[in-house]
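A.B. asks:
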Amino acid sequence: MEIQLIHWIAFLAFVFLLLALDLGVFHRKSHEVKIKEALIWSAVWITMALVFNYLVYLYMGKVKALEFLAGYLIEKSLSVDNLFVFIMLFSYFNVEPRYQHKVLFWGILGALVMRAIFIFAGVALLNNFHWLIYIFGAFLVFTGFKMLSQGEANVDPDKNPLVRIFKRFFPVTSEMHGGKFFIRQNARLFATPLFVVLIIVEFTDLIFAVDSIPAILAISNDTFIIFTSNVFAILGLRALYFALAGITRYFYYLKYGLAAILAFVGIKMIFNGISKNKIPIDISLAVIFGILLISVLVSVFFPEKAKESRSEVLK
Numbered sequence: 568m569e570i571q572l573i574h575w576i577a578f579l580a581f582v583f584l585l586l587a588l589d590l591g592v593f594h595r596k597s598h599e600v601k602i603k604e605a606l607i608w609s610a611v612w613i614t615m616a617l618v619f620n621y622l623v624y625l626y627m628g629k630v631k632a633l634e635f636l637a638g639y640l641i642e643k644s645l646s647v648d649n650l651f652v653f654i655m656l657f658s659y660f661n662v663e664p665r666y667q668h669k670v671l672f673w674g675i676l677g678a679l680v681m682r683a684i685f686i687f688a689g690v691a692l693l694n695n696f697h698w699l700i701y702i703f704g705a706f707l708v709f710t711g712f713k714m715l716s717q718g719e720a721n722v723d724p725d726k727n728p729l730v731r732i733f734k735r736f737f738p739v740t741s742e743m744h745g746g747k748f749f750i751r752q753n754a755r756l757f758a759t760p761l762f763v764v765l766i767i768v769e770f771t772d773l774i775f776a777v778d779s780i781p782a783i784l785a786i787s788n789d790t791f792i793i794f795t796s797n798v799f800a801i802l803g804l805r806a807l808y809f810a811l812a813g814i815t816r817y818f819y820y821l822k823y824g825l826a827a828i829l830a831f832v833g834i835k836m837i838f839n840g841i842s843k844n845k846i847p848i849d850i851s852l853a854v855i856f857g858i859l860l861i862s863v864l865v866s867v868f869f870p871e872k873a874k875e876s877r878s879e880v881l882k
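If you read the sequence shown in our numbering, its first letter stands for residue 568, the second for the next number, and so on.
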């Protein structure tokens, strides 16, 4: 099936309908998202992604369906690393649990826009400048090794360039004001620290997209498949955050798995650019899933070693 403008419009309308229902109906009132609710919503988002994946299989074929699944799995797995930053960020600013969903909602809405720009630009560049595939591939391999060597991520808002620029031109209150991003004091408009948190969430996702988009470009060059797999992964990110916020610290070895995935897709991108014999998408999917499974199982069965490794990193 050839993707036409009507398919893009229908998909985007579906996404905005989901976002409107999410914010305007299901989360109209700010409240703390409990783990049970988060798990239910995670199951809902994953189910919708799998249903869409099945539709891709029916109308676009097996290869496109596997590309969607691989892209979705990569984006979802790399998102876990991003959750650590969100956890530390909310802790740093003492953001109340009932307001965290609001920040993540608007942060993800901005992420969808940035992802669309990155994806269309990336596909256009690869289609017109094939040699860029080697740069993207090398960048992913480098990022994978860098992820292995770096310690625990630290959040220092004062060192964030976007926050520093924003504070230079816009006044920020010294304390939170409930779930408000802006308030008026003495007829003057002020941003609240909650809006600063939102800025950092957007900035973090921008940096994160620099890694994840090239990774998915190594799997597929179909703009529709790349974009839709990204959107479904991002839409479920908030629920995943609340479901895993309390247990992600136990999956220490997942970081090594994510690094291996980035290195693998980088090598795959370079190999596919050089060789006429492409690595089949089903093999790529099996490797990605296998790496994730092994890193999670190692974290579960060797928690003491993971604990010792965390201690060494923090020293």
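Cβ atoms here follow ideal geometry from the backbone N, Cα and C, with glycine treated the same way.
Quick check: what's the CA-CA separation for Phe583 versus Met615?
C.D. replies: C-alpha separation (whole angstroms): 15 Å.
A.B. asks: Around the C-beta of Lys629, are 16 or more other C-beta atoms found within 10 angstroms, so that it is buried, or is it exposed?
C.D. replies: Lys629 should be labelled exposed.
A.B. asks: Note down, in chain order, each residue of its chain lying with its Cβ closer than 6 Å to the Cβ of Phe757, except the 5 sequence neighbours on either side.
C.D. replies: Correct list, in chain order: Pro738, Thr740 and Ile750.
A.B. asks: Once the 5 residues before and after Ser644 are set aside, which same chain residues still bring their CB inside 7 Å of it?
C.D. replies: Contacts found: Leu825, Ile828 and Leu859.
A.B. asks: Distance, Cα to Cα, Phe809 vs Lys734?
C.D. replies: Roughly 29 Å between the two C-alpha positions.
A.B. asks: What are the residues that DSSP puts in a beta bridge with Ala756?
C.D. replies: Ala is not the amino acid found at residue 756; the sequence shown has Leu there. Partner(s): Arg751.
A.B. asks: Could you name the residues that DSSP lists as bridge partners for Val739?
C.D. replies: In the DSSP output, where bridge partners are listed per residue, Val739 has Ala758.
A.B. asks: Determine the burial state of Ala772: buried for a count of at least 16 other Cβ atoms within 10 Å of its Cβ, exposed for fewer.
C.D. replies: Per the sequence presented here, residue 772 reads as Asp, with Ala not at that position. By the 10 Å Cβ count, Asp772 comes out buried.
A.B. asks: I believe Ser609 touches Ala806 by the beta-carbon criterion, under 8 Å. Please report the beta-carbon distance rounded to the nearest angstrom.
C.D. replies: About 4 Å; that satisfies the 8 Å criterion.
A.B. asks: For Lys631 and Ile837, I'd like the C-alpha separation in whole angstroms.
C.D. replies: Near 21 Å, if we compare the C-alpha coordinates of Ile837 and Lys631.
A.B. asks: Taking its Cβ as the centre, do 16 or more other Cβ atoms sit within 10 Å of Ala691, making it buried, or is it exposed?
C.D. replies: Burial call: exposed.
A.B. asks: Report the three-state DSSP secondary structure of Glu642 (helix, strand or coil).
C.D. replies: Of the three classes helix, strand and coil, the one that applies to Glu642 here is helix, per DSSP.
A.B. asks: Leaving out five residues before and five after Leu625 in sequence, what residues of the same chain have Cβ atoms less than 6 Å from its Cβ?
C.D. replies: Closer than 6 Å at Cβ, skipping near neighbours: no residue.
A.B. asks: Does the Cβ of Leu881 have 16 or more other Cβ atoms within 10 Å, making it buried, or fewer, making it exposed?
C.D. replies: For Leu881, the predicted structure reports a pLDDT of 40, less than 50, and the residue's modelled location is therefore unreliable. The matter cannot be settled from this model.
A.B. asks: Can you give the Cα-Cα distance for Arg755 and Ile766, rounded to whole angstroms?
C.D. replies: When rounded, the distance between both Cα atoms is 21 Å.
A.B. asks: For Pro664, which option in Gly746, Gly857 and Gln571 has the closest C-alpha, if you only look at C-alpha atoms?
C.D. replies: Answer by Cα proximity: Gly746.
A.B. asks: Which residue comes first and which comes last in the alpha helix (DSSP H) that contains Lys603?
C.D. replies: Taken as a continuous stretch (DSSP letters only), the alpha helix (DSSP H) holding Lys603 covers Ile602 to Met627.
A.B. asks: DSSP state of Gly746, grouped into three classes?
C.D. replies: Correct three-state label for Gly746: coil.
A.B. asks: Nearest CA to the CA of Phe794: which residue from Tyr639, Ile850 and Tyr666?
C.D. replies: The shortest C-alpha separation from Phe794 is found at Tyr639.
A.B. asks: Evaluate Ala580 with the Cβ neighbour count: other Cβ atoms within 10 Å of its Cβ, from every protein chain shown; 16 or more gives buried, anything less gives exposed.
C.D. replies: When all chains shown are included, Ala580 counts as exposed.
A.B. asks: Considering only their Cβ atoms, is the gap separating Gly857 from Ala785 smaller than 8 Å?
C.D. replies: Against a cut-off of 8 Å, the Cβ pair of Gly857 and Ala785 comes out as no contact.
A.B. asks: Which whole-angstrom value is the C-beta distance of Gln667 and Phe657, which I expect to be below 8 Å?
C.D. replies: Yes, they are in contact, since the Cβ atoms of Gln667 and Phe657 sit about 6 Å apart, within 8 Å.
A.B. asks: Should Gly689 and Ile780 be called a contact, given that it needs their Cβ atoms to be closer than 8 Å?
C.D. replies: Against a cut-off of 8 Å, the Cβ pair of Ile780 and Gly689 comes out as a contact.
A.B. asks: Going by beta carbon distance, what residues of the same chain come within less than 7 Å of Val854, once the five residues before and after it are set aside?
C.D. replies: If we look at Val854 and ignore the five residues flanking it on each side, its Cβ neighbours are Phe831.
A.B. asks: What are the boundary residues of the alpha helix (DSSP H) that Ser796 is part of?
C.D. replies: Thr790 to Leu802 is the span of the alpha helix (DSSP H), which, as asked, contains Ser796.
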